[in-house]
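Notes for the one structure printed next.
Numbering (my numbering), first residue to last: 429 to 872.
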């Protein structure tokens, strides 16, 4: 390890970044948290209206609580907060307790080794990290660090509508008609009395359907179409009662009821190839040539991906599919992961070939969608223990994650020819045309 007088730089002041700082302080290591936004948990603030499916006890890190308790802070004991409440009652007080160890409007634009580019081996691990930072005015500076914990997340890199992983034809040109965030029913103007198409099949899409149905109930003429790649099967609407996080299971069941009631039109087996602009509306065209009714807004919720650009001069060992640390990829890969929960991950799983560099939080899962706050808190506990030289604590697993109740990987569910149930349930046949549940399917 290089110069012990240097700080450990933590990239991102979200839940895992702030927790990492609390653990570092508790271990006698000096953190410096660099946050691109103007305040703590700035990404969470952008979805502050969304209610989390994890309960309060699962959203508070242990070391962070120990740091906060002497300030008179009261730990929330029950309930399911919105993102805004999570910030107000926990993350903002935690950032305040960390004081000037958290630096805002500090966007990390590059990380390297002092005097060493990616090619140079000589004495590499003995050199401090150099962290290049840009402030709100675009002014650049460089600081040094003994270690780097990248907790920058994936929020600002949403996946596109295009089924091949790149923006669909016309998607960029229609950007003003597309949203990549969950709608907020308290600001319904964009959706009220209009037609919205939701693209995506995960928890964010479930939340979007819930918000839009609330808008439709208060604003006649509001229409919602939901386009998914899979067909309707056992896992389409999540794990339901089998999910060990009840509110996560309930999300999908609300979406199911919205479809069954006819409040939402569900289109299955739809893979977006083109977003064709028609004046102030957008028409989604599938790879099979089908066209959806023209939409006033398209809400694209197809996942997120990590920004690896500022790590380009560091040596990484990432899975080629997920862009996640290779050692955890098999556990979280939605193509193969099935029948229950992933395992907790620690320092040994997250360590990179670049000594003392760790990817944690959402970023550690790359493009995988199954991350929980609990996972991140266990990650930073283990990583900080490793940086402090407590290898016994770093190797210890102090978390058992809740089962999702969903069997089968997304690789199966994403097959338009199958509604496969993975290892736990048989395949269920279903049509791949426009399906308006609550009415007879087309052709029935």
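For every residue, glycine included, the Cβ atom is placed at its ideal position computed from N, Cα and C. Remember, predicted model here, so these are calculated numbers, not experimental data.
Tell me the rounded alpha-carbon separation between residue 522 and residue 651.
In the chain shown, counting from the first residue as 1, residue 522 sits at position 94. In the chain shown, counting from the first residue as 1, residue 651 sits at position 223. About 42 Å.
Quick one: is residue 541 near chain D, going by C-beta distance under 8 Å?
The structure shown contains no chain D, having only a single protein chain.
Distance between beta carbons of residue 447 and residue 808, contact taken as under 8 Å
Locating residue 808 in the chain shown gives position 380, where the first residue counts as 1. Locating residue 447 in the chain shown gives position 19, where the first residue counts as 1. With 8 Å as the limit, residue 808 and residue 447 qualify as a contact, their Cβ atoms being about 5 Å apart.
So residue 459 is in the beta strand (DSSP E); what residue range does that whole segment cover?
Taking the first residue of the chain shown as 1, we reach residue 459 at position 31. Taken as a continuous stretch (DSSP letters only), the beta strand (DSSP E) holding residue 459 covers 459-462.
Does residue 871 pass the burial test, meaning 16 or more other C-beta atoms within 10 Å, or should it be called exposed?
Translated into positions along the chain shown, residue 871 becomes position 443. Per-residue confidence for residue 871 stands at a pLDDT of 34, beneath the threshold of 50, marking its modelled position as unreliable; the derived number appears in the next sentence. Per the 10 Å Cβ criterion, exposed.
Can you tell me the Cα-Cα spacing of residue 814 and residue 512, whole angstroms?
Within the chain shown, residue 814 is the residue found at index 386, counting from 1. Within the chain shown, residue 512 is the residue found at index 84, counting from 1. Cα atoms of residue 814 and residue 512: separation of roughly 32 Å, rounded to the nearest angstrom.
Would a C-beta distance cut-off of 8 Å place residue 539 and residue 463 closer than the cut-off?
Walking along the chain shown from the start, residue 539 turns up at place 111. Walking along the chain shown from the start, residue 463 turns up at place 35. In this structure, residue 463 does not lie closer than 8 Å to residue 539 by Cβ.
So, with DSSP's three-state summary, where would you put residue 811?
In the chain shown, residue 811 corresponds to position 383, counting from 1. Helix at residue 811.
When the Cβ atoms of the region 580-588 are set against those of the region 725-741, are three or more pairs found closer than 8 Å?
yes
Which first and last residues belong to the alpha helix (DSSP H) in which residue 631 is found?
Start at 1 with the first residue of the chain shown, and residue 631 comes out as number 203. Residue 631 -> alpha helix (DSSP H) spans 631-646.
What number of angstroms, rounded off, separates the C-alpha of residue 458 from the C-alpha of residue 449?
Translated into positions along the chain shown, residue 458 becomes position 30. Translated into positions along the chain shown, residue 449 becomes position 21. In this model, residue 458 and residue 449 are separated by some 8 Å (Cα to Cα).
DSSP has residue 654 in a bridge; who is on the other side?
The sequence position of residue 654 within the chain shown is 226, counting from 1. In DSSP, residue 654 forms a bridge with 626, 694.
If I measure Cβ to Cβ from residue 910 and keep anything under 8 Å in the same chain, skipping five residues before and after, which residues do I get?
Outside the displayed range of the chain (429 to 872) lies residue 910, so it cannot be described from this structure.
On the criterion of 16 or more Cβ atoms from any shown chain inside 10 Å, does residue 440 qualify as buried, or is it exposed?
Indexing the chain shown from 1 puts residue 440 at position 12. With 16 or more Cβ atoms within 10 Å of its Cβ, residue 440 is classed as buried.
Between which two residues does the beta strand (DSSP E) harbouring residue 777 extend?
Translated into positions along the chain shown, residue 777 becomes position 349. It is not in any beta strand (DSSP E) - residue 777 instead sits in the alpha helix (DSSP H) that spans 775-778.
For the region 465-553, which segments carrying the alpha helix (DSSP H) assignment without a break, of at least 4 residues, lie completely within its bounds, in sequence order?
470-474, 490-496, 511-514, 520-526
If we call anything under 8 Å between Cβ atoms a contact, is residue 752 one with residue 793?
Taking the first residue of the chain shown as 1, we reach residue 752 at position 324. Taking the first residue of the chain shown as 1, we reach residue 793 at position 365. Cβ distance < 8 Å, so residue 752 and residue 793 count as in contact.
If I'm right that residue 556 touches residue 431 with Cβ under 8 Å, what's the distance once you round it to whole angstroms?
Here residue 556 is taken as the residue at index 128 of the chain shown, counted from 1. Here residue 431 is taken as the residue at index 3 of the chain shown, counted from 1. So it is a contact: roughly 6 Å between Cβ atoms.
Can you name, in chain order, every residue of its own chain whose Cβ lies under 7 Å from the Cβ of residue 720, other than the five neighbours on each side?
The residue labelled residue 720 in the question sits at position 292 within the chain shown. Correct list, in chain order: 625, 653, 655, 695, 711, 712.
Residue 494 burial status per 10 Å Cβ neighbour count (16 or more: buried)
The sequence position of residue 494 within the chain shown is 66, counting from 1. It is exposed - the Cβ of residue 494 has fewer than 16 other Cβ atoms within 10 Å.
Less than 6 Å between C-beta atoms, sequence neighbours within five positions excluded: which residues of the same chain meet that for residue 560?
Here residue 560 refers to the residue found at position 132 of the chain shown. 537, 538, 570, listed in sequence order.
Neighbourhood of residue 483 by C-beta distance below 6 Å, restricted to the same chain and skipping five residues each side:
By one-based count along the chain shown, residue 483 stands at place 55. The answer, listed in chain order, is 508.
Environment of residue 927 [buried if 16+ CB atoms lie within 10 Å]
This structure leaves residue 927 out entirely; the chain is present only between 429 and 872.
Identify which residue in 703, 437, 465 has its Cα closest to the Cα of residue 726.
Sequence index remark: in the chain shown, residue 726 carries index 298 (1-based). Comparing Cα positions, the closest option is 703.
Three-state secondary structure (DSSP) at residue 786?
Counting from one through the chain shown, the residue named residue 786 turns up at place 358. Reduced to three states, the DSSP call for residue 786 is strand.
Would you kindly check if the distance between the Cβ of residue 825 and the Cβ of residue 455 is under 8 Å?
Sequence index remark: in the chain shown, residue 455 carries index 27 (1-based). Sequence index remark: in the chain shown, residue 825 carries index 397 (1-based). Not closer than 8 Å, so no.
With distances taken from CA atoms, which of 724, 775, 629, 647 is nearest residue 873?
This structure gives no information on residue 873, because the portion of the chain shown stretches from 429 to 872.
So what's residue 575 in DSSP terms, helix, strand or just coil?
In the chain shown, residue 575 corresponds to position 147, counting from 1. Looking at residue 575 - three-state DSSP - the assignment turns out to be strand.
Can you round the beta-carbon distance between residue 647 and residue 621 to whole angstroms, since I take them to be within the 8 Å contact cut?
Looking up residue 647 in the chain shown gives position 219. Looking up residue 621 in the chain shown gives position 193. Indeed, because the Cβ distance is near 5 Å, the residues count as touching under 8 Å.
Considering only DSSP beta bridges, list what residue 712 is partnered with.
Reading the chain shown from its first residue, position 284 is the one you call residue 712. Note: residue 712 sits in a beta bridge opposite 703.
What residue from 553, 554, 575, 533 has the CA that sits closest to residue 562's CA?
Mapped onto the chain shown, residue 562 falls at position 134. The residue with the shortest Cα to Cα distance from residue 562 is 533.
What is the C-beta distance between residue 709 and residue 691, in whole angstroms, given that I count them as a contact (C-beta under 8 Å)?
Here residue 709 is taken as the residue at index 281 of the chain shown, counted from 1. Here residue 691 is taken as the residue at index 263 of the chain shown, counted from 1. Rounded, the Cβ-Cβ distance is 21 Å, inconsistent with contact.
Just verifying my parser: in three-state terms, what is the DSSP assignment at residue 614?
Within the chain shown, residue 614 is the residue found at index 186, counting from 1. Correct three-state label for residue 614: coil.
Residue 469 and residue 443 look like a contact to me (Cβ under 8 Å); what is the Cβ gap, rounded to whole Å?
As a position in the chain shown, residue 469 is number 41, starting the count at 1. As a position in the chain shown, residue 443 is number 15, starting the count at 1. Residue 469 to residue 443, Cβ: 7 Å. Contact.
Would you decide whether residue 524 is buried or exposed? Buried here means 16 or more other CB atoms lie within 10 Å of its CB.
The count along the chain shown starts at 1 and reaches residue 524 at position 96. Within a 10 Å sphere around the beta-carbon of residue 524 sit fewer than 16 other beta-carbons, which makes this residue exposed.
Compare the C-alpha of residue 436 against each of 605, 579, 644 and name the closest.
Translated into the one-based positions of the chain shown, residue 436 becomes position 8. Measuring from the Cα of residue 436, the nearest candidate turns out to be 579.
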